[in-house]
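Note that the sequence shown ends on residue 334 in the working numbering; no numbers are left out. Each residue gets a CB set at the ideal place from its N, CA and C atoms; glycine is no exception. Since the model is a prediction, treat every value here as computed from it, not as a measurement.
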Amino acid sequence: MKINEIIFASHNAGKIAEIRQLLQPLNIKVISAAEIELPDVEETGTTFAENSLLKSQTIAKIIGKPCIADDSGLCVDALNGAPGVYSARYAPNRDFDKGMDKLLAEMAASGNASRKAHFSCVISLAYPDGHSQLFEGRVDGKIAPQKMPGADGFGYDPLFVPDGYERSFAQMSKTEKSAISHRGRAMQKLITYLSSL
Ligand code: IMP
């Protein structure tokens, strides 16, 4: 059955803006958790899929409407995949400027053997009856030696340079970033699925 309205279980303004833009062509209205004053769901899982499902299934059950959630993060090779599922909490007081300084310092302490990193994203779509679907995306790249801020972006964007580019995610427009990003790729899979309904 076609979905016309979907809850997005996130309070992250950057993600909400990206997802709204991506679902616009499908005429699907995106309502964020913040707009309907839903609580933040605690991310107690140890994988992106687990955390994503925790959020979408909890909210779909409360509201009685299909709900999407994403869990994403930055995995750095030199830090054995950290901060990974802990990407949001890794930044002191969720201050990503400080989080990026911490990341650069930990990479330097590790000897900077590799600058390779990737962003991962798992989007889940949960229905009120309990069933769900997962859509995964990943983008590989490297951590810049220093922040490369731009007009756009959020989180660790100023530090991440995708493979094949010399600019950071923060130096790209939302459209340019979404075409290659972890969330954009997972969203393309979600869009293909939603279009088939
Ligand atoms: P969560 O998925 O809400 O748990 O948050 C994951 C964290 O990973 C975010 O708060 C950001 O710090 C980081 N992150 C996820 N996706 C991106 C992105 O596209 N750019 C920059 N940082 C991101």
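Around the CB of ASN188, 16 or more other CB atoms lie within 10 Å, so the residue is classed as buried. Taking 7 Å as the cut-off, one finds no heavy atom of the ligand IMP near enough to the beta carbon of ASP214. PHE256 has its CB nearer than 7 Å to a heavy atom of the ligand IMP. Contact check for MET285 and ALA254: beta-carbon distance about 14 Å, past the 8 Å limit, so the pair fails to qualify. Around the C-beta of MET138, fewer than 16 other C-beta atoms lie within 10 Å, and the residue is accordingly described as exposed. Taking C-beta separations shorter than 7 Å and ignoring five residues to either side along the sequence, the partners of GLY201 in its chain run PRO265, following chain order.
Around the beta carbon of SER332, a 10 Å sphere encloses fewer than 16 other beta carbons of the protein chains shown; the residue is thus reported as exposed. Nearest Cα to LEU327 within the set GLU179, ARG231, PRO299, ILE260: ILE260. The Cβ atoms of LEU296 and SER305 lie closer than 8 Å to each other.
When distances are taken from the beta-carbon of ASP177 to the heavy atoms of the ligand IMP, even the shortest one reaches 7 Å or more. For GLY236 and TYR293, the gap between their C-alpha atoms comes out near 8 Å.
Within its own chain, the residues whose Cβ lies closer than 6 Å to the Cβ of SER318, once the five positions on either side in sequence are excluded, are VAL276, listed in chain order.
For SER193, the closest C-alpha among the options LYS166, SER224, LYS239, HIS268 is that of HIS268. Proximity annotation: the ligand IMP has residues ASP208, SER209, GLY210, SER224, ALA225, GLY292, TYR293, ASP294 in chain order, each selected because its CB is closer than 5 Å to a heavy atom of the ligand.
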